[in-house]
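In the numbering used here, the protein residues as written are -4 to 199. Heads up, the beta-carbon is just placed ideally off N, CA and C, and yes, glycines get one too. Report on the following structure.
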């Protein structure tokens, strides 16, 4: 959090793939190379599939040193606190529903990378139906070793952070305001939970 405090507003790409989302070493290296080539600031929560505990063993040699002035690689992160920090401008996410809600609550747009279960449906809804997110190309590849390549990570980050997705950002900002308004007395979330309680009490 102290590192984030030093970064400009909406300048950091935050990468986090949930409590059980992991990648093998080859995919970790592709992500690292893409982030390095993008030239943008990043905070990356890494969970290698091989069980490595030393982060420097999971990323390309020299990566941490070369990107130390604009990036941070770490293990577990307090995701809600990070998303709520003003320096975060993009969330590369697996599209779990909790992560989606947290991201929109703080007005952080998502670069989608679904991995399993309902996450693919969630990502489709966000990108194709609602226009609230942008798809990271290559995650559904069934060839080329099934890897999202470094150039795709670089292209996705550059596109999002370079100003090409301002319409998506605008929609996410609007969703942030709608989310907060829904929790006020008399609004949709409050009304719905009261109805649920009434139904439970009355045994419906």
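Can you give me the start and stop residues for the alpha helix (DSSP H) that residue i sits inside?
i, result
"residue 106", "That residue, residue 106, is in no alpha helix (DSSP H); its beta strand (DSSP E) goes 105 to 107."
"residue 170", "161 to 177"
"residue 185", "183 to 196"
"residue 101", "First-last for residue 101: undefined, no H or E at that position."
"residue 112", "Counting along the chain, residue 112 falls outside any alpha helix (DSSP H), and DSSP gives it neither H nor E."
"residue 135", "Counting along the chain, residue 135 falls outside any alpha helix (DSSP H), and DSSP gives it neither H nor E."
"residue 202", "Nothing about residue 202 can be read from this structure; the chain reaches only from -4 to 199."
Tell me, please, which residues DSSP counts as bridged to residue i.
i, result
"residue 148", "Answer by DSSP bridge pairing: none, since residue 148 is not bridged."
"residue 37", "8, 66"
"residue 130", "107"
For residue i and residue j, which I take to be in contact (beta-carbon distance under 8 angstroms), what is that distance rounded to the nearest angstrom?
i, j, result
"residue 153", "residue 33", "5 angstroms"
"residue 171", "residue 102", "4 angstroms"
"residue 212", "residue 38", "Residue 212 is absent from the structure shown; the chain starts at -4 and stops at 199."
"residue 151", "residue 132", "7 angstroms"
"residue 30", "residue 66", "7 angstroms"
"residue 53", "residue 72", "With 8 angstroms as the limit, residue 53 and residue 72 do not qualify as a contact, their Cβ atoms being about 16 angstroms apart."
"residue 143", "residue 134", "5 angstroms"
Contained beta strand (DSSP E) runs [length at least 3] in the region 60 to 99, N- to C-terminal order = 66 to 69, 83 to 88
Does the pairing of the region 90 to 106 with the region 154 to 167 give three or more beta-carbon distances under 8 angstroms?
-> Yes, they touch.
Is the region 84 to 92 touching the region 116 to 127 in the sense that three or more CB pairs, one from each, lie closer than 8 angstroms?
-> yes
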